[in-house]
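K.L.:
Quick one: the structure is below, questions incoming.
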Amino acid sequence: PTDKGYRFYVDNLLGPQNLLKEIKSLTADYEYPPRAKNLQEVLETACGILSQNSNQAGLVMLPSFSCMPFKQIEFFKVGRNQVLAVFHSEMGVLQNKIIPIDPDT
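Going from the sequence shown to our numbering is simple: count from 1 and add 64.
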């Protein structure tokens, strides 16, 4: 790197060595564990805290829902030709899907 590049890194990107203390003081007012009702709320809260304190964009991605083991599947009739399937994963993630059915069966 050039002298200017190194100086930019030191001045702007290297960040203070006591960052952990700073983060602890910034997050001290947040409740832990949060009163979230499900995993999505916990992750949204955590992402928001990290994004706010780092002044950076935040993104949380879960593994593909099809790879998660199910704890429960519920079916609700929502019309003559449709049912709503609600899949509950063991991680607390919910997925809904409308499924067409044959009304004569």
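For every residue, glycine included, the Cβ atom is placed at its ideal position computed from N, Cα and C. The model shown is predicted, which means the values in this text are computed figures rather than measured ones.
1. Given C111, which residues of its chain have a CB within under 6 Å of its CB, disregarding the five upstream and five downstream residues?
2. Tell me whether the beta-carbon of Q136 lies closer than 8 Å to the beta-carbon of I165.
3. Which of helix, strand or coil does DSSP assign to Q189?
4. Where does S153 fall in DSSP's three states?
5. Apart from the five residues just before and just after D151, which ones in its own chain have a Cβ nearer than 6 Å to its Cβ?
6. Between K141 and A149, is the Cβ-Cβ spacing less than 8 Å?
P.N.:
The answer reads as follows:
1. These residues qualify, in order along the chain: G122 and V124.
2. Taking C-beta atoms as the reference points, Q136 and I165 fail to come closer than 8 Å.
3. The structure shown does not extend to residue 189, since the chain is modelled only from 65 to 169, so the question has no answer here.
4. Strand.
5. The sequence as given places Phe at residue 151; Asp does not occur at that position. So the list reads F134, I137 and Q159, once near-sequence residues are dropped.
6. Going by C-beta atoms, K141 is not nearer than 8 Å to A149.
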